[in-house]
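Residue numbers (the UniProt record's numbering), protein chains in the order written: chain A, 1 to 401; chain B, 1 to 401; chain C, 1 to 401; chain D, 1 to 401.
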């Protein structure tokens, strides 16, 4: 069962483009060489385009998205600070856990898994916070565990409407680069991502963008930190170097990845992710199954969490995919373990790969006892893809007409 | 349309396993070094297992399968020699053409495209050839253009029944390593293959195995030759070197490929190819289409040539696959251009990849106007794969029962 | 000037073996797959052999050696804890800086750059510390900035002689895997290394080994931490998984690297590093120059810091090497900037590479005005290497005689 | 002895640039795809610049330089044709051997090994050939076995002076791309090279350029040929395809290699090869040894064949280099076996690599009993390289002054 391509449909690490893979296959190089900044400085510049920020500053930490979460908190807040968070999946749960462990006083709103950031509740808490005790508001843009995308612009609106000046932290690990994210327009202060999702790299980099307001808050922050400290990193990265040995291999991969992203175009990438995701969703609905994201407005274009019927164990579906069909699906985590399996559809992906995912899922489901019709999900997705691709191929004047 | 994996379903070059790809990614090395034979000699030994020969000798020429065809002819025959050939597809056609251009007198039997080597006709010609004018009999084991596998054992039987001592040449380019081939048992004298099919390497090596009888004939051969000469190659390769600079990269890839082949097991590989091919065929039949191979006995386990309905242009199917769905199918060549498209299913392949091929073909066909049902081929193949894989996973004692 | 190999003689990242490079050139994989522990668990087991510990526990953090420093401190100590450190180069300096920033009360002994850990002073401070206020003693095993190796066994002896039960922290970033290091024998509690030195990988992993006593101390540690917390990592890694997405690519590289290390043999690797280093030192002395390490007992087998004569600017030597001869040397850092340049000689290296380093350094020195004789350093090293290699090639019985 | 870089100083295959290596590390692709010509057609166009021909046609055969030799002969001559050749090393010897085996009547002038094409003798034979019986004149531009470069323009002059219209064949396997070669200016009709020398690729492609006169001769050629036939190749390559499966991997590598070549500039590459070669020669002369090329006019800028003193066995030098110092030198072939070892200095090479070659050769020589001074060759080369690089770095106005 080890023949041929392994079919990777987890929501990260994502499939890496071959050009990126090649770019990382290099001998080691001198990270103190005078021309090293020629590699590094444009990375910072170009990552700003990914975050859609002109005024923010970008930080690249060797680590992971979790490390970038920690960098964001420990550089801008202080122990005992009150923060507003919401929890509706494993990753928003872990972020709350980190905030507590780092000494924040978390005002956490628990929301049903399958929904996202509760805008009304946020607005109310912010409105009630007359003394501005809440120092920061946290939003998980895309909850990877449930396939739920939240409305970050809505969080900004809640802040604005209540004239609250808390910092806005956004976890964009599984959205940035794949789903539209607008740091400046939405007034995000700390935006966090990692290398192994929309940036189509291996894990190993935690990346964050910090607004001018975030950097201002940094000056008041007294948390102990060293590895993840902004000050060391800023001093170095301004000159194109790093305070400690950087993973040069990943920086070269990032260069290749950014080149691919800009060649395709960010908006085109978002459109592609939507098209691919919608095909998967149509497949799921053709099976008669439901998404964990319980309203269309929450549907994520990077990952679909699929609820199996009661008589099926989602763990078995995943096990079948892996052991019988060389396919990796994402598991249902924590509360939804056994009830949900996930299809990641972000990064370097195309229509036929999504059809392969659906075909493999159909077999894995049926092997696990699911009463779904063979080929039904594939057929529904095919029709969507054919129509969409046909539409884009239509001569321009016809479309105009 | 350049995102994600390119789906390669041509009958060679085939998808290369990642381990093979990695093995070829090397700095250059000294092909005259004293330890170079430690790489080379085991390759010759192990290739004999691929050809299933103990008494034959293996030759590796930098070139292609076409080069190995020429090496076989120019080293064992003489200009003006009469040979018996048959023609039922583009590749058997090209082999006849080469034989004529190299100065052989070809007794060519034309057979309908969709059938294979005509055993009865061969038996008759051989029986009629009282003066043993026929010096060699040629058989294309697997006609890549039409997806037809011929009965090489049957050709041997025809020779034996007529007590004819002509040499037996077999083109196994798209069979050896994927479909059972038994050089010694079938009394094949010149067996030809290339690197880019069942051996799962890039193109660049023409490989042939020669029986003791073939080497004996070589002594009588007076054709001019130099690059492809057996004598130079034999003298060198016996010592583990080459008469001219070999493509070391491919030799290292071959090492990795042979290791994978023996780890899986040749018989298991043949079974896998049959299982994968049968899934594709069930898909084709579920569409209501026919194979070019017009009887089950001719069905090839490495490539399926699919006949489209009269109102569809197969060229359009292939063009759709390539431009819309990032999928490469094989074209209908020469006589069957426009009527046939081909799905190659050999090499490093698994079930979900074949389902992807079918899903992509369904869309490409429907876009080209074919009246086939979306998802129908995928569903038929899924059911076959599920049953087959389920069968292999069944506990051993149950199966025994 | 971009032709041919870049000659990398910095003390890390080191030259990567091709087998390691190939092992990292992979598609992404599912880090939650049931067989993922088959990769991970043996890594932990085998790293223990590198640290020479049977009772310790190994942690692998995505990050760098600096991150592992932080993990060691923040998991076993508490803010306000008194620790004994010494400072004699840029890296011991940075470690002191980190300790202070993380809230420790550092009792720092400054030593002349060119010497190592001051055993007598340590013994005295420990002896004086009747109330056991010193919670930990820190030793930089190999100070990369000055090419000084310290006597860790001596630090242990100082602790034992004074019957002090402080934890022993050792920075082995540029020693472990290249210079003998014996965690259990020396009673080291926190041993730190990174991927990009003796492990011959790109930067990206901070690795540490923790003694049972260190884990005991962990239970009393109340520093805030999350990313680098032992508890999360231990819970996961016991099962062969990670608490957040690991850099799988580097784990695969580590597998390949460990395989190479054990194939060569740790003791053989130490001997090779000594042989190579001694050749470089003989070259330096043939030039009439001195090492920064001011006594033979401090000489490092992984990096030589070379003091240029007063009329030469070491920065110019390094600039010449880089811009004229495609060679990277290490810079003199901080106090010794301009006075010192460094030749890193650790990792995947051989004699002729060291001769290339010396040849390039000779040109770079002479271009910078140094009055050294062309070829003199190369000649001295050649004679040493010839003799050493000749000795190892001598028939065993001759050597015995 | 397997640590670190293997030092490859054979005259091909040469060290491959990392960018080329990366470019070849690819999944397989569809060599019948409609956009495949976008890769292929520019290769033909750009190779013409390498040959310095505007009117010639380029052919790329999967094979080797030897294959291209055969293609050149079998496509433009006829059995029994008289040709003028000269023999002064192993490769010119092998070419004569091929010509004879392919049925040509060879008028061969034997020249002392260490000299090159005998212009006077050529002029005389051509002048004497009143009936124009000589159909072709052959010249080995660079005899790889002896490190001798011949004067191709001189051969053209001999033809012109005698008003002889024989075709001019040139073996440029180890010169083209590294030493100036001017196909059109010198009136070369058949120019032959391979991939593994100046083109810095693995072996696997035989490349030749054919003048209009050569193509005219082709029409009269009646030699049997198929694999290497111009007609099939021309028909295909005009459209950007190949008559049989091409080694796509190498074509992608060729693209990368040509890009590097044009980025550096052909004339700059020739100058670099001269500079590097001259350093090696100065090293050899500093040792008190002589080149096989017995006059300066014959000295090759791509390979130096070095004559050892009588009491030394050159085979031992090579064995020492390989087994003790991880270095590959070229052997003395045939007549000069044991008397000569070779340092290849072509392709992707820089000064410090050449110094490494000399340093390794010094040790290998001394280990073999040669009475040369350690470091002497390195020192001589260093001084040359320093001066040459210094010269190129000198401000433009100083140089002008």
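From the three backbone atoms N, C-alpha and C, an ideal C-beta is built for every residue, glycine too.
| Check | Outcome |
| --- | --- |
| Quick check on residue 146 of chain C: does DSSP put it in helix, strand or coil? | coil |
| Against residue 226 of chain D, what residues of chain B qualify as contacts under a CB-to-CB distance less than 7 angstroms, listed in chain order? | 70, 98, 101, 102 |
| Looking at the unbroken beta strand (DSSP E) that takes in residue 118 of chain A, where does it start and where does it end? | Segment: none, residue 118 of chain A is in no beta strand (DSSP E) and carries neither H nor E. |
| Using the rule of at least 16 other Cβ atoms within 10 Å of the residue's Cβ for burial, across every protein chain shown, is residue 246 of chain B buried or exposed? | buried |
| Is the stretch 224-240 of chain B touching the stretch 44-60 of chain B, taking contact as three or more C-beta pairs under 8 angstroms? | yes |
| Have a look at residue 84 of chain D and residue 126 of chain D and give me their C-alpha separation to the nearest angstrom. | 9 angstroms |
| Kindly give me the distance between the Cβ atoms of residue 223 of chain B and residue 77 of chain B, rounded to whole angstroms, as I take these residues to be in contact under 8 angstroms. | 7 angstroms |
| Looking only at C-alpha atoms, which of B:242, B:139, B:151 sits nearest to residue 41 of chain B? | B:242 |
| Against residue 17 of chain A, what residues of chain C qualify as contacts under a CB-to-CB distance less than 9 angstroms, listed in chain order? | Neighbours of residue 17 of chain A on chain C: none; closest Cβ ~11 angstroms, over 9 angstroms. |
| Got a sec, what are the start and stop residues for the beta strand (DSSP E) residue 105 of chain A sits in? | 105-110 |
| By the 7 angstroms beta-carbon criterion, what residues does the stretch 269-295 of chain D contribute toward chain C? | 272 |
| Hey, which unbroken runs of the alpha helix (DSSP H) at 4 residues or more fall wholly within the stretch 199-266 of chain C? | 212-220, 230-237, 248-264 |
| In whole angstroms, give me the CA-to-CA distance for residue 192 of chain D and residue 52 of chain D. | 13 angstroms |
| Could you say if the stretch 30-46 of chain A and the stretch 176-194 of chain A meet the contact criterion of at least three C-beta pairs nearer than 8 angstroms? | no |
| Which residues bound the beta strand (DSSP E) around residue 194 of chain D? | 190-194 |
| Between which two residues does the alpha helix (DSSP H) carrying residue 48 of chain C extend? | 36-51 |
| Would you say residue 180 of chain C faces chain A, with C-beta separation under 9 angstroms as the test? | no |
| Considering only their Cβ atoms, is the gap separating residue 377 of chain B from residue 9 of chain B smaller than 9 angstroms? | no |
| How would you write the range of the alpha helix (DSSP H) that residue 352 of chain C sits in, first residue to last? | 351-367 |
| Please state whether DSSP places residue 287 of chain A in a helix, a strand or coil. | coil |
| Quick one: Cα of residue 68 of chain C to Cα of residue 270 of chain B, how far? | 51 angstroms |
| Could you list the residues in the stretch 317-341 of chain C with a C-beta less than 7 angstroms from some C-beta on chain A, going in chain order? | 322, 328, 331 |
| If you drop the 5 nearest sequence neighbours on each side, which residues of the same chain put their C-beta closer than 7 angstroms to that of residue 200 of chain C? | 14, 16, 17, 20, 257, 347, 348 |
| Using a cut-off of 7 angstroms between C-beta atoms, extract the partners of residue 402 of chain D located in chain C. | This structure cannot settle anything about residue 402 of chain D, because the visible part of chain D is limited to 1 through 401. |
| Less than 9 angstroms between CB atoms is the rule here; does residue 366 of chain C satisfy it with respect to chain D? | yes |
| Using a C-beta cutoff of 9 angstroms, does residue 64 of chain C count as contacting chain A? | yes |
| Could you pull out every residue in the same chain whose Cβ sits closer than 6 angstroms to the Cβ of residue 380 of chain C, ignoring the five residues on either side in sequence? | 282, 283, 286 |
| Using a Cβ-Cβ distance cut-off of 9 angstroms, determine whether residue 370 of chain A contacts chain B. | no |
| So what's residue 141 of chain C in DSSP terms, helix, strand or just coil? | coil |
| Spell out whether any CB of chain C is found under 9 angstroms from the CB atom of residue 451 of chain B. | The question about residue 451 of chain B has no answer, for chain B in this structure spans 1 to 401. |
| Assign residue 400 of chain C to one of three DSSP states: helix, strand, or coil. | Bear in mind that the predicted position of residue 400 of chain C carries a pLDDT of just 48, short of 50, making it unreliable; the figure below should be weighed with that in mind. In this structure, residue 400 of chain C counts as helix in the three-state DSSP scheme. |
| Would you call residue 392 of chain B buried or exposed, if buried means 16 or more other Cβ atoms sit within 10 Å of its Cβ? | exposed |
| Tell me the DSSP secondary structure of residue 344 of chain D in three-state form. | strand |
| Name the two residues that bound the continuous alpha helix (DSSP H) containing residue 7 of chain B. | Per DSSP, residue 7 of chain B belongs to no alpha helix (DSSP H); it is in the beta strand (DSSP E), 7-9. |
| Quick one: which chain C residues come within Cβ less than 7 angstroms of residue 25 of chain B? | 22, 25 |
| Please work out which residues of its chain come closer than 8 angstroms, Cβ to Cβ, to residue 337 of chain C, disregarding the five sequence neighbours upstream and downstream, and give them in chain order. | 314, 315, 331 |
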